[in-house]
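Working notes, beginning with the structure itself.
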Amino acid sequence: MLSSTRPTRRVAARTLQATAGAAVFALALTACGGGSDEGSAEEDGPITLKVATFNDFGYTDEMLAEYTKEHPNVTVEHVKAATTDDARSNMTTKLAAGGEGLADIEAIEVDWLPELSQYPDLFTDLADPELDGRWVDWKVQQATTADGKIIGYGTDIGPEAICYRADLFEEAGLPTDREEVAELLGGEDSTWEDYFAAGRDFVKESDAAWYDSSAGTFQGMINQLPAAFEDPETGEAKDLGDNADVKAIYDEIVGSVDDDLSAGLEQWGDDWVAGFQNDAFATMLCPAWMTGPIEQNSGGIEGWDVADVFPGGGGNWGGSFLTVPASGAHTEAAKELAAWLTAPEQQTKAFETSGTFPSQIEAQESEAVQGFTNEFFNDAPVGQIFSTRAQAIEGAPYKGAHYFAIRDEVTNALNRVDITKSQDAEESWNEAVEKAAALG
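Here it is as structure tokens:
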């Protein structure tokens, strides 16, 4: 969920607070009490509602002014953290301290939910029969706790396509038309084998790599597993050493590294940013929000396009929610504002300004979204493309409390092979298995 006018959002970046965050949440379980709100945004006295997001959710000053015009007693203060990690660290720390200092509305990333959902009492229940059917079902399920409480209203989702450099394709003798590229990568039945095979053909004729990052590619692949690291029935972590599905993905990516398909860059790092200018790679796994940082980092570079295809079928990478901490002074008013911000009308505007693809069914079907094109991406009909990609998503994978930490160990293993080149594939995998087992 990114735009071309803001710092990159670390949806796929390593989460440095993963293990520490779990401990913080455990402390917060007994530290945080309920809020004291007695009224809605229609109460008589003036109130200020603080909305905390990170980077760009598409909530412009003009949009927020619309709300205050409709609710003259409400002042909305919008605060943005510099990065996702900063936002998460701030939230977990303040939850542990009883919630004091948290905003009335706190934006969260989808991958925080496994930990947050363990402590539903820290959040206002956002269930509202009048909003039933607003979102795609699996988006609501992600924010629903075991006891049926909804702790977040969905903002965007990250349906994935393939973004590619048509100019580099042409130089390598590959088709450049987006429909032909989709067929090159396997069309409706595209597989990861198809994607890597096309890459091997490409690198034979080009100095550029096929894709940017092994860790980013891993994220796209792992999101297609129904339950990558944990047993959905028990929530217990799987033994990584016996996890054949994850090991198969690891081996496939490592094999592509051996064939020089990877540019060996760490997403969101300085070298990765520079790679856009240096023709370092020709393709990227491309959730809707990724179109923003690609454009942002590719100033002066022409040739980017988007193909309506994704290996392995549908895939969702990223997406966020708005939560209302229970410790807030105006929880009912905050709930009302969160519902307004995630209404189809507002999410359609956010998509138009920031490329955040809406999770609301009505917004997805709107003429504004369906007819939206992106000039930077060769006027690609991104509204239609990402709508098609969204329809291919069959559901949300299971991600429990162990997901963050185990995923990071496998990501680190790939980085040791692809970026630092400090270990070979087998040695690095064995280290990941050992460290995952030590997590408990």
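Numbered by mature numbering (1 follows the signal peptide of the UniProt record, and there is no 0), the letters in the sequence shown go through residues -33 to -1, 1 to 407 in order.
We put the CB at the ideal spot given by N, CA and C, even for glycine.
Quick check on this structure: which residue in the options has the alpha carbon closest to the alpha carbon of residue i?
{"i": "A300", "options": "T27, G25 and V43", "result": "V43"}
{"i": "V276", "options": "M251, W256 and T298", "result": "M251"}
{"i": "D92", "options": "T20, D114 and D28", "result": "D114"}
{"i": "S333", "options": "E203, Q314 and E233", "result": "Q314"}
{"i": "C130", "options": "E319, E262, K366 and A317", "result": "E262"}
{"i": "S181", "options": "R55, A139, L232 and L31", "result": "L232"}
{"i": "G236", "options": "P199, V224, D179 and K402", "result": "D179"}
{"i": "A32", "options": "W396, L304, S395 and Q108", "result": "L304"}
{"i": "P87", "options": "D78, T290 and N341", "result": "T290"}
{"i": "N57", "options": "T298, E394, T20 and V41", "result": "T20"}
{"i": "K157", "options": "G407, Y370 and A359", "result": "Rather than Lys, the amino acid found at residue 157 in this sequence is Ser. The candidate whose alpha carbon is nearest that of S157 is A359."}
{"i": "G279", "options": "Q191, D227 and A215", "result": "Q191"}
{"i": "D218", "options": "E393, N22 and E37", "result": "E393"}
{"i": "L406", "options": "T112, A204 and A70", "result": "A204"}
{"i": "T112", "options": "A368, I386 and D375", "result": "A368"}
{"i": "T320", "options": "A70, E361 and D23", "result": "D23"}
{"i": "E147", "options": "A274, V170, R167 and K106", "result": "A274"}
{"i": "E138", "options": "Y162, E150 and F169", "result": "F169"}
{"i": "D272", "options": "N245, V349 and T298", "result": "V349"}
{"i": "A70", "options": "P81, W79, A54 and L80", "result": "A54"}
{"i": "P193", "options": "P39, A399, Y370 and R167", "result": "Y370"}
Distance check for residue j and residue i, CA to CA, integer angstroms please.
{"i": "F324", "j": "Y120", "result": "15 Å"}
{"i": "T51", "j": "A404", "result": "27 Å"}
{"i": "A8", "j": "A255", "result": "In this predicted model, A8 has a pLDDT of only 48, less than 50, meaning its place in the structure is not dependable enough to derive any value."}
{"i": "I268", "j": "Q331", "result": "30 Å"}
{"i": "I373", "j": "F196", "result": "7 Å"}
{"i": "D104", "j": "S389", "result": "43 Å"}
{"i": "G(-13)", "j": "T143", "result": "Its pLDDT being 42, under 50, G(-13) is placed unreliably by the model, and the measurement read from it follows with that caveat. If I take the Cα positions, the gap works out to 45 Å."}
{"i": "residue 471", "j": "L207", "result": "This structure gives no information on residue 471, because the portion of the chain shown stretches from -33 to 407."}
{"i": "R(-24)", "j": "E312", "result": "Any reading at R(-24) is ruled out, since the residue's pLDDT is 35, under 50, leaving its predicted position unreliable."}
{"i": "T378", "j": "V224", "result": "14 Å"}
{"i": "V77", "j": "T184", "result": "18 Å"}
{"i": "G154", "j": "G25", "result": "32 Å"}
{"i": "Q234", "j": "A241", "result": "11 Å"}
{"i": "G322", "j": "G65", "result": "35 Å"}
{"i": "S3", "j": "A296", "result": "Low per-residue confidence applies at S3: pLDDT is 46, beneath 50, and the placement is therefore not dependable, though the value from the model is reported in the following sentence. Near 5 Å, if we compare the C-alpha coordinates of A296 and S3."}
{"i": "D346", "j": "A48", "result": "32 Å"}
{"i": "V(-10)", "j": "A63", "result": "Any reading at V(-10) is ruled out, since the residue's pLDDT is 43, under 50, leaving its predicted position unreliable."}
{"i": "V18", "j": "E67", "result": "15 Å"}
{"i": "A310", "j": "Y34", "result": "12 Å"}
{"i": "A247", "j": "A176", "result": "6 Å"}
{"i": "D209", "j": "K302", "result": "44 Å"}
{"i": "E37", "j": "R383", "result": "54 Å"}
{"i": "V41", "j": "I14", "result": "5 Å"}
Is the CB of residue i under 8 Å away from at least one CB in chain C?
{"i": "P348", "result": "Given the protein chain composition of this structure (a single chain), no chain C is represented."}
Since I believe residue j is in contact with residue i (beta carbons under 8 Å), could you give me their beta-carbon distance rounded to a whole number of angstroms?
{"i": "I124", "j": "L83", "result": "The pair is not a contact, with the Cβ atoms about 18 Å apart (cut-off 8 Å)."}
{"i": "L135", "j": "A230", "result": "With a Cβ gap of about 12 Å, L135 and A230 do not count as contacting."}
{"i": "I126", "j": "F353", "result": "Residue 126 is actually Pro in this sequence, not Ile. About 5 Å separates the two Cβ atoms, so the contact holds."}
{"i": "A293", "j": "F90", "result": "6 Å"}
{"i": "F288", "j": "T122", "result": "6 Å"}
{"i": "Q109", "j": "A363", "result": "5 Å"}
{"i": "G140", "j": "E172", "result": "6 Å"}
{"i": "S326", "j": "G286", "result": "7 Å"}
{"i": "A165", "j": "C253", "result": "At roughly 15 Å, the Cβ-Cβ gap does not stay under 8 Å, so A165 and C253 are not in contact."}
{"i": "D95", "j": "A357", "result": "Wrong, their Cβ atoms sit about 23 Å apart, outside the cutoff."}
{"i": "I72", "j": "L151", "result": "Not quite, the Cβ-Cβ distance comes to about 44 Å (not below 8 Å), so this is no contact."}
Going by the DSSP bridge assignment, what does residue i pair with across the sheet?
{"i": "K17", "result": "E44"}
{"i": "Y120", "result": "L289"}
{"i": "I72", "result": "V18"}
{"i": "P325", "result": "D123"}
{"i": "N57", "result": "According to DSSP, N57 bridges with nothing at all."}
{"i": "W102", "result": "Q327"}
{"i": "N397", "result": "DSSP lists no partner for N397."}
{"i": "F90", "result": "P292"}
{"i": "A204", "result": "E197"}
{"i": "T111", "result": "I117"}
{"i": "N341", "result": "A347"}
Using a Cβ-based criterion (distance less than 7 Å to any ligand heavy atom), does residue i qualify as near the ligand NAP?
{"i": "E200", "result": "Judged by which ligands are present, the structure shown has none, so any question about the ligand NAP falls away."}
Runs of beta strand (DSSP E) wholly within the region 251 to 304 (minimum 3 residues, chain order)
271 to 274 and 283 to 290
Which residue spans inside the region 122 to 201 form an unbroken beta strand (DSSP E) run of at least 3?
The DSSP assignment places 176 to 178 as complete runs of the beta strand (DSSP E) inside the region 122 to 201, in order along the chain (cut-off: 3 residues).
Which runs of the beta strand (DSSP E) fall wholly inside the region 214 to 256 and span at least 3 residues, in chain order?
Counting only runs of 3 or more, we get 248 to 254.
Which whole runs of the alpha helix (DSSP H) in the region 345 to 385 are 4 residues long or more, in chain order?
349 to 358 and 370 to 385
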